[in-house]
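Residues 567 to 931, numbered by our numbering, are exactly what the sequence shown covers, in order.
Glycine residues also receive a C-beta, built at the ideal position from the N, C-alpha and C atoms.
Owing to the predicted nature of the structure, the values given are computational and were not obtained by experimental measurement.
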Amino acid sequence: MKTTAAVLYQPRTPLKIEEVELGPVKDEDVLVRIVASGVCHSDLHVYHGQEGWPLPMVLGHEAAGVVEEVGATVRSVRPGDHVVINLAPFCGRCEDCASGKIYLCERKRGPAGHLYDGGTRLAKGGRRIYHYANCAAYANHAIIHESSAIPIAKHIPLEKACLVGCALAAGIGAAMNTAKVAPGQSVAVFGCGGVGLNVIQGTRLAGASPIIAIDLLESKLYKAREFGATETIDASQEDAVKRVMEITRNRGVDFAFEVIGRVETIQQAYQSIRASGKCVVVGVVADSSELSIVPRTLLQEKTIMGTRYGSTRAPRDFPLYLDLYMQGRLKIDELITRYAKLEDINEAFHALEHGEAIRTVLLME
Ligand code: APR
Ligand code: ZN
């Protein structure tokens, strides 16, 4: 079949909106008509030439839509179902899946840019086009693995639900699943973009106090308060680590989350934790630069750890987050700066890069 997609041919060149070939739908595939697709910083990293991704590629990974067709062996969804895309397809049988860590499953992930079976389903004039993040959702249609299609109730608006697939999963998941923040624990969140605001609301749901938000932009810190931050630090004006120490009476925080993707801010987050505290790295450092810490500080039983997709178990967590949203206990609307069309993707990248947008949500035709 043919569909319209935004294709990245070369780093830092505008994505081209064009007709591409998509298919065929194989046994374990689900063909989704994409309704809404969020513009996330991870896409921007690839646009800027993040290592390891083959081009040309269709970006986009934070999406929701309607199932149009399913492969011969697919049982969990059928045409007409509304779904949110899970970036972490899983087999359900391996040791990681059996231990509940389905987000670590490698058996349904192909090499970078490929789908779970090691193949691709996108092409243009005989030339292969790759899929970003097991989907490729800046397009009117996408083919994903069955386990990537998480059915949701039909009364939930898809143009909001799309953000569950990355910003909420990565952010709320980092707070509630990876870190398991408990009531009364103190947290610092470095970076208040789409993902960071969700770390903040995740720690708020968990009952953390204080919740210290750090960013360079006043507009982001204002948002952070709306999402549950009790203190804010403008790192363009003051030394963030020093200020966290003052707020916590020199103890440091139980948890510091880095949600930017920079080595310096990972170091700052690590320096902000107390003895036995944990530094959770959510941000993606796009190049292969190295991190240095003073090993002696580890003797205070400090932990520095990563998180894979917020340790999200999508079939359980997506409906939960959407229930909380429908009950008014989780914010999604406030993350959306504007709606736009697929054709507006290049402006949306510009707005994200310049701090003018939390999330632009692209609505497909
Ligand atoms: N100190 C404090 N805040 C900073 C700094 C800094 N040195 N540099 C950037 N920021 C802030 C920006 O002002 C912005 O508000 O970090 C925030 C990053 O947010 P977004 O650009 O909206 O990115 P987001 O989509 O939230 O993703 C953040 O998580 O999933 C990963 O790949 C993603 O690495 C990215 C990170
Ligand atoms: Zn994302």
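Please say whether Ser603 and Tyr704 have beta carbons closer to each other than 9 Å? Judged by beta-carbon spacing, Ser603 lies within the 9 Å limit of Tyr704, meaning their Cβ atoms are closer than that value.
On a CA-only basis, which of Gly685, Pro577, Val829, Glu784 is nearest Lys592? Give me that one, please. Among Gly685, Pro577, Val829, Glu784, the Cα nearest to that of Lys592 belongs to Gly685.
Enclosing beta strand (DSSP E) for Ile722 [first to last residue]: Note, Ile722: premise wrong, no beta strand (DSSP E); not H, not E.
Using a Cβ-based criterion (distance less than 8 Å to any ligand heavy atom), does Asp883 qualify as near the ligand ZN? For Asp883, the CB stays at least 8 Å from every heavy atom of the ligand ZN.
Please state the DSSP three-state secondary structure of Met623. Strand at Met623.
Quick check on the DSSP output: the alpha helix (DSSP H) that includes Asp662 runs from which residue to which? Residues 661-664.
So, are the CB atoms of Asp915 and Phe823 less than 9 Å apart? The identity of residue 915 in the sequence shown is Phe, whereas the question assumes Asp. Result no, Cβ atoms of Phe915 and Phe823 do not sit closer than 9 Å.
Given 8 Å as the limit, tell me if Val825 has its C-beta closer than that to any heavy atom belonging to the ligand ZN. No; taking the cut-off as 8 Å, the Cβ of Val825 has no heavy atom of the ligand ZN nearer than that.
Going along the chain, which unbroken runs of the alpha helix (DSSP H) with 4 or more residues stay wholly within the stretch 832-907? Taking only runs of at least 4 residues, the alpha helix (DSSP H) segments lying wholly in the stretch 832-907 are 880-892.
Are the stretch 638-650 and the stretch 715-726 in contact at 8 Å, needing three or more beta carbon pairs? Touching, per the Cβ criterion.
Tell me the rounded alpha-carbon separation between Asn816 and Ile766. Looking at the two C-alpha atoms, the distance is approximately 22 Å.
Which residue wins for smallest C-alpha separation from Gly731, given the options Arg599, Val605, His697, Ala571? Considering only alpha carbons, the answer is Val605.
Can you tell me the Cα-Cα spacing of Arg828 and Val848, whole angstroms? Distance between the alpha carbons of Arg828 and Val848: 10 Å.
Taking C-beta to C-beta, are Lys726 and Ile902 nearer than 9 Å? A contact, by the Cβ cut-off of 9 Å.
Selection from Glu585, Leu729, Glu900 that minimises the alpha carbon distance to Met567: When each option's Cα is compared against that of Met567, the closest is Glu585.
Mind pulling the beta strand (DSSP E) runs of 3 or more residues that sit fully within the stretch 789-826? Annotation note: the stretch 789-826 contains the following uninterrupted beta strand (DSSP E) runs of length 3 or greater, listed N- to C-terminal: 797-800, 819-824.
Can you tell me the Cα-Cα spacing of Leu670 and Tyr836, whole angstroms? Take the alpha-carbon of Leu670 and the one of Tyr836: they are about 24 Å apart.
When you compare each of Asn743, Arg840, Gly692 to Ser752 by their alpha carbons, which one comes out closest? Selected option, being the one with the closest Cα: Arg840.
Could you name the residues, in chain order, whose CB is less than 6 Å away from a heavy atom belonging to the ligand GTP? The model on display carries the ligand APR and the ligand ZN but not the ligand GTP.
Could you pull out every residue in the same chain whose Cβ sits closer than 7 Å to the Cβ of Ile826, ignoring the five residues on either side in sequence? So the list reads Phe756, Gly757, Gly849, once near-sequence residues are dropped.
Select from Ala630, Lys844, Glu830 the residue whose C-alpha is nearest the C-alpha of Leu928. Ranking Ala630, Lys844, Glu830 by Cα distance to Leu928 puts Ala630 first.
Find out if the Cβ-Cβ distance for the pair Asn652, Pro881 is shorter than 9 Å. Their beta carbons are under 9 Å apart, which means Asn652 touches Pro881 by this criterion.
Could you tell me the distance, in whole angstroms, from the CA atom of Ile832 to the CA atom of Thr639? Those two C-alpha atoms are separated by around 44 Å.
Can you give me the start and stop residues for the alpha helix (DSSP H) that Ile738 sits inside? Segment 733-739, the alpha helix (DSSP H) holding Ile738.
Considering just the uninterrupted stretch of the beta strand (DSSP E) at Ile766, what are its terminal residues? Unbroken run through Ile766 is the alpha helix (DSSP H), 760-771; no beta strand (DSSP E).
How about Ser877 and Gly759: are their beta carbons less than 9 Å apart? Cβ distance not < 9 Å, so Ser877 and Gly759 don't count as in contact.
Is Glu797 near the ligand APR, judged by its Cβ being under 8 Å from some heavy atom? Not one heavy atom of the ligand APR sits closer than 8 Å to the Cβ of Glu797.
Is it the case that the CB of His611 approaches a heavy atom of the ligand APR more closely than 8 Å? Because some heavy atom of the ligand APR lies under 8 Å away, the Cβ of His611 counts as near it: yes.
Using three-state DSSP, classify His916 as helix, strand or coil. Here His916 sits in helix by DSSP.
My output table needs one value for Glu635: the three-state DSSP class, helix, strand or coil. Here Glu635 sits in strand by DSSP.
The ligand APR and Asp853: does the residue's C-beta get closer than 8 Å to at least one heavy atom of that ligand? The ligand APR has no heavy atom closer than 8 Å to the beta-carbon of Asp853.
Can you tell me the Cβ-Cβ gap for Asn706 and Thr569, rounded? I've got them flagged as a contact below 8 Å. Yes, Asn706 and Thr569 are in contact; Cβ-Cβ is about 5 Å, under 8 Å.
Smallest Cα separation from Ala733: which of Arg578, Gly626, Pro590? Residue Gly626 is the option with its Cα nearest to Ala733.
Would Val624 and Ala572 be called neighbours here (beta carbons separated by less than 9 Å)? Yes.
Check whether the Cβ atoms of Ala772 and Ala736 lie closer than 9 Å to each other. By the CB criterion at 9 Å, Ala772 and Ala736 fall outside the cutoff.
Leaving out five residues on either side along the sequence, give the residues of the same chain with a beta carbon under 6 Å from the beta carbon of Gly692. Answer for Gly692: no residue qualifies.
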